[in-house]
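One structure is given below, encoded as structure tokens.
In the working numbering, the protein residues as written are 568 to 705.
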């Protein structure tokens, strides 16, 4: 079952990100709980009509590095496939999508989870979910 969780998570990740060349694009990542707290912060303290970037300043890495981190936590090997024409056509033209969150931080928001904690919590949640589903279908 542990292998299935890793395979499932990595498969979903790779499907949404495309492949090798695209995997070198730099991104900023946030754990979902930090995203929710940011929404609440903006609702309570933000200015009407203004946009706020949400980013964890310590979680800036390439898509490939992110996939490898997930693999480490899930005890899985991540294998990158060669880029094909469709992948290149569908890739984002922006190689560096790292957001500046200073504006929302001025409202008092901060990240509570680093990248490793977010991945760990996500894997734990997926494991619990799969156990429940397996128990119901047994």
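Idealized CB from N, CA, C, for every residue including glycine.
Just so we're clear, the structure is a prediction, and the values are computed from it rather than from any experiment.
Measure the CB-CB distance between residue i and residue j and report whether it falls below 7 Å.
{"i": "residue 646", "j": "residue 686", "result": "no"}
{"i": "residue 627", "j": "residue 668", "result": "no"}
{"i": "residue 690", "j": "residue 640", "result": "yes"}
{"i": "residue 666", "j": "residue 608", "result": "no"}
{"i": "residue 664", "j": "residue 630", "result": "no"}
{"i": "residue 615", "j": "residue 605", "result": "no"}
From the DSSP output, in three-state form, read off residue i for me.
{"i": "residue 592", "result": "coil"}
{"i": "residue 673", "result": "coil"}
DSSP puts residue i in a beta bridge; with which residues?
{"i": "residue 627", "result": "595"}
With residue i and residue j assumed to form a contact (beta carbons below 8 Å), what rounded beta-carbon distance in angstroms separates them?
{"i": "residue 623", "j": "residue 692", "result": "That belief does not hold up - the Cβ atoms of residue 623 and residue 692 are roughly 19 Å apart, past 8 Å."}
{"i": "residue 671", "j": "residue 598", "result": "Not really, about 15 Å apart at Cβ, beyond 8 Å."}
I want to check one thing, is the minimum distance from the CB of residue i to the heavy atoms of the ligand GDP below 6 Å?
{"i": "residue 675", "result": "Ligands are entirely absent from the displayed structure, and the ligand GDP is therefore not among its contents."}
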